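*Asks:* As given, the protein sequences belong to chains D and B, one line each in that order.
Per this note's numbering, the first sequence runs over residues -5 to 106.
Per this note's numbering, the second sequence runs over residues 657 to 769.
Even glycine gets a Cβ: it sits at the ideal position worked out from N, Cα and C.
Keep in mind it's a predicted model, so treat the numbers as computed, not measured.
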Amino acid sequence: DQQVKQNSPSLSVQEGRISILNCDYTNSMFDYFLWYKKYPAEGPTFLISISSIKDKNEDGRFTVFLNKSAKHLSLHIVPSQPGDSAVYFCAASSGYNNDMRFGAGTRLTVKP
Amino acid sequence: DTAVSQTPKYLVTQMGNDKSIKCEQNLGHDTMYWYKQDSKKFLKIMFSYNNKELIINETVPNRFSPKSPDKAHLNLHINSLELGDSAVYFCASSPRQGANEQFFGPGTRLTVL
């Protein structure tokens, strides 16, 4: 049962343009959402997060939007840079034990 | 100064063998995790320990046994390895139970022949 879904396995964007990565979830008990970035042969690194009490969180070029009614979140990267090329994982957690569920990832390629 | 380290990085072994993967974090975190990334690239939690005590144990075969000698270490021992155990295993840590941001190690790629 995949509770967190990233339906686009890959995305290609031109440098300087906006990258939009999408994520859907099914469990309404999730109350915290995160995006992780992963380079080859490395572990995922935390990028940005959002609590369920907010609908937007911004950090520099990265903005995460949360639509609770649609159970959907998205990550916007503006402007996209070649160094942003990586696999991006959406994750969601609930409860004190922080049982985190991950999506399958979206591979972003930013072309110079 | 690696925050979360795992050894070995690569592990190739025969079916039926017993192997261990070690994980250490120097962040002073209380909580540590093991994840498995399967062939479909999903990252699935296997275990979570808080201050050396097991707090999450997903549906994992009992051939997998985590051991936490102290709160900076969480090792994963796997008995009677099977082909389906081939995957990348990630260790992670977080400051405390309930903290959302987790810090991941570089992963251990296990191949069972």
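Using beta carbons (cut-off 8 Å, strictly below), is residue 23(D) in contact with chain B?
*Replies:* For the purposes of this step, residue 23(D) is taken as residue 29 along the first sequence, with counting starting at 1. No, no contact with chain B.
*Asks:* Using Cβ-Cβ distances below 7 Å, what residues of the stretch 43 to 61 of chain D are close to chain B?
*Replies:* Going along the stretch 43 to 61 of chain D in chain order, one finds 43 with a Cβ nearer than 7 Å to chain B.
*Asks:* Give every residue of the same chain whose Cβ lies closer than 7 Å to the Cβ of residue 93(D), excluding the five residues on either side of it in the sequence, and list them in chain order.
*Replies:* The sequence position of residue 93(D) within the first sequence is 99, counting from 1. Closer than 7 Å at Cβ, skipping near neighbours: 87.
*Asks:* I want to see whether chain D comes within less than 8 Å of residue 763(B), judged by CB atoms only; does it?
*Replies:* Mapped onto the second sequence, residue 763(B) falls at position 107. True, the Cβ-Cβ gap to chain D drops below 8 Å.
*Asks:* If you run the structure through DSSP and keep just helix, strand and coil, what is residue 751(B)?
*Replies:* The residue given as residue 751(B) occupies position 95 in the second sequence. Residue 751(B): coil per DSSP, three-state reduction.
*Asks:* Measure from the C-beta of residue 39(D) to each C-beta in chain B and report whether the shortest distance is under 8 Å.
*Replies:* Taking the first residue of the first sequence as 1, we reach residue 39(D) at position 45. Cβ-Cβ to chain B under 8 Å: yes for residue 39(D).
*Asks:* Considering just the uninterrupted stretch of the beta strand (DSSP E) at residue 76(D), what are its terminal residues?
*Replies:* Residue mapping note: residue 76(D) aligns to position 82 of the first sequence, counting from 1. No beta strand (DSSP E) contains residue 76(D), which DSSP labels as neither H nor E.
*Asks:* Which residues does DSSP list as the beta-bridge partners of residue 52(D)?
*Replies:* Your numbering for residue 52(D) matches position 58 in the first sequence. Looking at the DSSP assignment, residue 52(D) forms a beta bridge with 57(D).
*Asks:* For the beta strand (DSSP E) that residue 11(D) lies in, which residues bound it at each end?
*Replies:* Taking the first residue of the first sequence as position 1, residue 11(D) is located at position 17. Careful: residue 11(D) lies outside any beta strand (DSSP E) and carries neither H nor E.
*Asks:* Using 10 angstroms around the beta-carbon of residue 689(B), count the other beta-carbons present and answer buried if the total reaches 16, otherwise exposed.
*Replies:* The residue labelled residue 689(B) in the question sits at position 33 within the second sequence. Buried is the call here.
*Asks:* Excluding the five sequence neighbours on either side, which residues of its own chain have a C-beta within less than 7 Å of the C-beta of residue 708(B), listed in chain order?
*Replies:* Mapped onto the second sequence, residue 708(B) falls at position 52. Within the same chain, residue 708(B) has close Cβ partners 724, 726, 727.
*Asks:* Pairs of beta-carbons, one from the stretch 64 to 76 of chain D and one from the stretch 6 to 18 of chain D, closer than 8 Å: are there three or more?
*Replies:* Touching, yes.
*Asks:* So is residue 758(B) in contact with chain D if we call contact Cβ pairs under 8 Å?
*Replies:* For the purposes of this step, residue 758(B) is taken as the residue at position 102 of the second sequence. Cβ-Cβ to chain D under 8 Å: yes for residue 758(B).
*Asks:* Distance cutoff 8 Å, beta carbons only. Does residue 698(B) sit that close to anything in chain D?
*Replies:* Counted from its first residue, the second sequence places residue 698(B) at position 42. So yes, residue 698(B) belongs to the interface.
*Asks:* Three or more beta-carbon pairs under 8 Å between the stretch 33 to 52 of chain D and the stretch 674 to 689 of chain B, yes or no?
*Replies:* The stretch 33 to 52 of chain D vs the stretch 674 to 689 of chain B: no contact.
*Asks:* Mind pulling the chain D residues with CB within less than 9 Å of residue 701(B)?
*Replies:* On the second sequence, position 45 is the one that residue 701(B) refers to. The answer, in chain order, is 93, 94, 95, 96.
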